[in-house]
Amino acid sequence: EAQVTQNPRYLITVTGKKLTVTCSQNMNHEYMSWYRQDPGLGLRQIYYSMNVEVTDKGDVPEGYKVSRKEKRNFPLILESPSPNQTSLYFCASSSGTASYEQYFGPGTRLTVT
Amino acid sequence: GENVEQHPSTLSVQEGDSAVIKCTYSDSASNYFPWYKQELGKRPQLIIDIRSNVGEKKDQRIAVTLNKTAKHFSLHITETQPEDSAVYFCAASRWDSNYQLIWGAGTKLIIKP
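Listed in order, the protein sequences are those of chains A and C.
Every letter in the first sequence is one number past the one before it in my numbering, and letter 24, counting from 1, is 24.
Every letter in the second sequence is one number past the one before it in my numbering, and letter 81, counting from 1, is 1081.
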């Protein structure tokens, strides 16, 4: 089954404790992206990647890091989480060529206390 | 840069009536306009999209219209049903980076029984 997976789905952590949210897709998509979703603000892009070892900042990259060492995986790293990073995070992927449809993961609800 | 404005932020309609959500974009180089639906607690999913060489596209009860001159596009849902209740997001992307979407802030559609 074609899908995008994220782990964990829910996470409660404390300020400053490094964490990683994993994202994996099995559709051989070149394009992957991370969004955060906050009430009233819609979907804001954090980082995106056009292919292996190619990443770029989105609209709200501060406080986040990403890497793309393999085509299927695109982890989101919060080196020192702060309460303002409490949000719902979505990973998405797209073939970027044949179709521009973005396939979203199930989301990760992060709470930083 | 590109900006996408979406209105209204909340729309309440009687079951069976039609609903219209409107978006405007600023970048004249935009040529791809998707609409995503996000049900409560779920991930966003593509429901319909349109490219700038087409003025209207229909898929059963949903349709999208595009006015390139005015730089706006709209989602039309006819004969609304309870399962249409969701948040709807419009987006736009340029011809040279169609994978990179600029998102509207979303419209919460409420279907009243």
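Where is the CB? At the ideal position from N, CA and C, for every residue including glycine.
Across the set GLY96/A, LYS65/A, TYR48/A and ASP38/A, the C-alpha of ASP38/A shows the shortest separation from the C-alpha of LEU110/A. Annotated as distal: TRP34/A and TYR103/A, with beta-carbon spacing of 8 Å or more.
Residue environment analysis places PRO1034/C among the buried positions, since at least 16 neighbouring C-beta atoms fall within 10 angstroms of its C-beta. Taking the C-beta atoms as reference points, THR97/A is found no nearer than 8 Å to ILE12/A. Under DSSP, MET32/A takes part in a beta bridge, and its partners are SER49/A and SER93/A. Secondary structure at GLN85/A: helix, using DSSP grouped into helix, strand and coil. ALA1029/C: not part of any beta strand (DSSP E); DSSP gives it neither H nor E. The shortest CA-to-CA distance from GLU1002/C to any of GLN1038/C, SER1012/C and TRP1103/C is the one to TRP1103/C.
Linking SER1030/C to SER1093/C through their CA atoms gives a straight-line distance of about 5 Å.
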